[in-house]
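Residues 1012 to 1780, numbered by my numbering, are exactly what the sequence shown covers, in order. Beta carbons are placed, not taken as given, at the ideal position from N, Cα and C, and that holds for glycine. For clarity, every value in this text was computed on a predicted model and none was experimentally measured.
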Amino acid sequence: MDRIKKRDIPVDIYIPFVETLFRDGLTLSIGLVAQTLLVVLCYWKTGDPLYLLVAVAMVMVGILRLRNIRKYSNRPPPASAAEAKARERDYIVFGSMHGFMLGFFCFVGIYLAHDSFAEIASVAVTLASATSIAGRNYGSPRMVMIFIMTMTWPISIGFILRGDIYHIILGCMAFPFFFAIRRFADTVREVLFSALSEEKKANRLAQRFNRALNTMSHGLVMLGPDSRVVVANAEAAQLMSVATPDHLVGRSLKALLMRGAAGGLISYKDCGFVEGQLTRALREGRTRKLLVSLSDGRYLEFSAREGHDELGVITFEDVTQRVQADEKIRHMARYDTLTGLPNRAYFQEIVAEQMAGGDRERNCALAVFDMDDFKTVNDTLGHPVGDGLIYAIAEKLGCFADEDVKVSRFGGDEFVVYFDRVHDELHLGQILDGIFEGLADEVDVAGHLLRVQMSAGAVLLPVAFGDVDGMVVKADLALYRAKETGKNGWQLFETSMDAAFREKQMLKSDLRSAVEANALRVVYQPIVGMDSMRIESCEALCRWQHPELGAVSPGVFIPLAEEMGIISDISVQVLKAACRECAKWPEPIGVSVNLSARDFRDSDIVATVADALAESGLAPERLEIEVTETAILDDKLSTRKYLQEIRDLGVRIALDDFGTGYSSLSYLHTLPLDKVKIDRSFLKDVTEDGRSRELLKGVVHLSRQVGLRVTMEGVETFDQLRLLSQEVKPDLLQGFLFGAALSASGIETMSNTVWPFAEDLRSAQVAAR
């Protein structure tokens, strides 16, 4: 209606409207024949040649119009709006001629040829033709208007020209009638326009739905109330190995699954199970997911859910990659990436499950294996070789795994083996000896022939009295004992080990408390001048008086402190106490303080020494820092840098325990040293063995050659002292011969004392001359 006139019709609707103008040429042909015959009939009745002229013109117009209809009805739809408009113009030209002929026929019958039959016939045929205007020509509003004008105006004019009032009224009455025809044509056009618009929308929605449906990564089928497929997408067709989704429509769910069974992808038993589960889910109106493994290695995940209008929806997706990824993640979470053995968590799960079943009175065992000196392999050959060695050991241990033996790598170079059925200790010993024998052969790792040497700790107990964590703890304790007793062997857990472990843990706790409370004390061992026999310096030593155990040896609590990581706290306490006390002693007595390897892993050690000097007011040259070869080997570059920075403060540096490690002579001239302290081991048999005596003399001579002072440690007898005085001649002496370690006040008291055997030395020297 008016809404159509007031807006442009979309091209995708305008083109179909134009196409409707050229449809149904048959009814148009029948109409044209009927109209022509009626005109001829009027001529035959009236004999008026005017009707003959109208008939001839009608025939010519009919032929032209039908040719125009046929011309475009056999062509494809217009490709553009311009082409559609051209066709509409052609239609209007020939349609206008047809309408004009009908209107002229009415005008002749009503006004020019006064014959009642011709009048009735012309009006009747025109009215009959007018009824088809809306139905045939709604696609062109201009054509509708032209037809109305060419038909209504001649009729109205003819009646009005008759002159009498009745015909004039009749002529005017024709206008409302033909106006109704126009209105009806507009209504038809509006209705069809709305229908086509909705159809277009529906088609677009259908296309979008179809595109979305067929680009889904999931296969999808919709089942009707009869459980047969009414909709399927392309992915479903591909997964079901059919050409198009249409091949699935009409098939039942069972038929689809049986197709997979027939192809060997799924067993008939599984086929029935899947059908039952999906059908049940649809019937109960709940969503259910089902993972199905196919014989070709793929996995399909089915999901069933109830839709609307009694429709059920089943989606299925190839989730092979997801399942494989999940399995890979699960494998990574359970197995060691280097060796492929179960990791700690999964091993505990496996063993706990195995221990929970079977005879609860049977014995089981667990052994912890640890490689001896594995750090040396990493440090000397590199971590890739170390990893290769770990892998080789895992292969060897894996050969012993079976239904009753489970092997795991707990991390680093530690492996754990569980034995589910062990008769007794003798049986366990035979098993472990066999494993050690299997590990004894050399292995080739990246061209390096390496001999595997391991230690192990084991525990044996009834299944009913064991748990995995507790067994690992006990086996670890036995492993510590095996390491302590020489390595390359195994030890069986004993109750005394647990007691020793608990005692050690308690001692660690007490030591931590003592360090935090600053309860450790410092004593000082005199260092005596070879020539003066007076105290020239002293070494600060740490002591711990336990409130219950009494004096705890430094050989016990110092390794504990290193293991706990608190040795640096102890070093700082000793350093500050030694500087504070030394500042009270008469000059030039100095003090030596040992610093551990861990102290030199932190650049703060330089600031720590500087702070201790500043707080105490001690002159830097009275402080001596002793460093061991172990500290140097840990990180030679950084240790040398820190030593130099400490020496730049004015503090002296001494190499302690020279002779206990690699004893590299290069240290004597490459490190910023002032003194070398020769270990007590050089004095062993020095009074009886000439080679030992010459070696000691050579070391002292070399040290002096590079400008270092020499302290001889471990002097315990007068004979050693006399030999040192007459032949070796070190600069300083230290040992029990000069008494036990003293308190700070004891050092101050003894500062001016000359040791009584100084005269005996002089006498011995005179006698030797």
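(1) My understanding is that L1123 touches L1061, with C-beta atoms under 8 Å, so please give their C-beta distance in whole angstroms.
(2) What is the C-beta distance between I1657 and V1617, in whole angstroms, given that I count them as a contact (C-beta under 8 Å)?
(3) Quick test of the definition: if touching needs 3 or more C-beta pairs under 8 Å, does the segment 1605-1623 touch the segment 1574-1591?
(4) Indicate whether at least one CB of chain D lies closer than 8 Å to the CB of L1048.
(5) E1414: which of R1432, R1523, S1703 and D1730 sits nearest, CA to CA?
(6) Identify, in the order they occur along the chain, each residue of the same chain with its Cβ nearer than 8 Å to the Cβ of M1761, setting aside the five sequence neighbours on each side.
(7) Going straight from the alpha carbon of D1175 to that of G1182, what length do you get?
(8) Roughly how many whole angstroms lie between the Cα atoms of I1179 and S1167?
(9) Can we say the segment 1432-1441 touches the segment 1450-1463, given the rule of at least three CB pairs closer than 8 Å?
(10) How long is the line joining the alpha carbons of V1585 and S1520, rounded to whole angstroms?
(11) DSSP puts D1329 in a beta bridge; with which residues?
(12) By how many angstroms is the C-alpha of P1021 removed from the C-alpha of A1097?
(13) Across which residues does DSSP place R1663 in a beta bridge pair?
(14) Assuming L1293 and V1303 make a contact with CB atoms under 8 Å, what is their CB distance in whole Å?
(15) Any idea what DSSP makes of D1742, helix, strand or coil?
(16) Would P1276 pass as a contact of M1251 if the rule is Cβ separation under 8 Å?
(17) Would you mind reading off the limits of the alpha helix (DSSP H) that contains R1098?
(18) A1489 and A1457 - do their beta-carbons sit closer together than 8 Å?
(19) Once the 5 residues before and after V1662 are set aside, which same chain residues still bring their CB inside 8 Å of it?
(20) Out of curiosity, what's the CA-to-CA distance linking D1337 and E1328?
(21) Give the DSSP-derived three-state secondary structure of L1430 in the structure shown.
(22) Using only the alpha-carbon positions, how far apart do F1202 and V1065 sit?
(23) First and last residue of the beta strand (DSSP E) that includes H1229?
(24) Under 6 Å Cβ to Cβ from V1072, same chain only, skipping five residues before and after it: list those, please.
(25) What is the DSSP secondary structure of D1035, counted as helix, strand or coil?
(26) Where do the ends of the beta strand (DSSP E) carrying Y1535 lie?
(27) Which partner residues of A1451 appear in the DSSP bridge assignment?
(28) Taking contact to mean at least 3 C-beta pairs separated by less than 8 Å, is the segment 1385-1394 in contact with the segment 1492-1500?
(29) So, do the segment 1697-1714 and the segment 1724-1739 have three or more beta carbon pairs nearer to each other than 8 Å?
(30) Quick one: Cα of G1393 to Cα of I1401, how far?
(31) What would DSSP say about L1682, mapped onto helix, strand or coil?
(32) Taking only three categories from DSSP, how would you classify I1015?
(33) Just the C-alpha distance for E1574 and K1686, rounded to the nearest angstrom, thanks.
(34) In or out: L1648 buried (at least 16 other Cβ within 10 Å) or exposed?
(35) Going by other Cβ atoms of all chains shown within 10 Å of its Cβ, with 16 needed for buried, is S1627 buried or exposed?
Well, looking at it:
(1) 6 Å
(2) Confirmed, about 6 Å.
(3) yes
(4) The chain inventory of the structure shown lacks chain D, comprising one protein chain alone.
(5) R1432
(6) Within the same chain, M1761 has close Cβ partners P1537, I1546 and L1753.
(7) 11 Å
(8) 8 Å
(9) With a cut-off of 8 Å on Cβ pairs, the segment 1432-1441 is not in contact with the segment 1450-1463, counting fewer than three such pairs.
(10) 20 Å
(11) L1311
(12) 17 Å
(13) Per DSSP, E1635.
(14) With 8 Å as the limit, L1293 and V1303 do not qualify as a contact, their Cβ atoms being about 17 Å apart.
(15) coil
(16) It should be noted that the sequence gives Leu, not Pro, for residue 1276. Contact: no.
(17) A1092 to F1118
(18) no
(19) Excluding positions up to five away in sequence, the list reads V1620, L1624, P1631, E1632, L1634, E1635 and I1636.
(20) 16 Å
(21) Looking at the sequence provided, one finds Phe at residue 1430 rather than Leu. DSSP places F1430 in strand when its eight states are reduced to three.
(22) It is Val, not Phe, that sits at residue 1202 in the sequence shown. If you take the alpha carbons of V1202 and V1065, they lie about 37 Å apart.
(23) Annotation: H1229 is outside any beta strand (DSSP E) and is labelled neither H nor E by DSSP.
(24) For V1072, where only same-chain residues beyond five positions count, the Cβ hits under 6 Å are M1108, H1109 and M1112.
(25) coil
(26) R1532 to G1540
(27) Looking at the DSSP assignment, A1451 forms no beta bridge with any residue, so it has no partner.
(28) Segments in contact, no.
(29) yes
(30) Each residue's alpha carbon lies about 13 Å from the other.
(31) Looking at L1682 - three-state DSSP - the assignment turns out to be coil, as it is neither helix nor strand.
(32) Only weak support exists for where I1015 lies, its pLDDT of 47 falling under 50; the value from the coordinates is given anyway. Helix, per DSSP.
(33) 29 Å
(34) Looking at its Cβ environment, which holds fewer than 16 other Cβ atoms inside 10 Å, L1648 is exposed.
(35) buried
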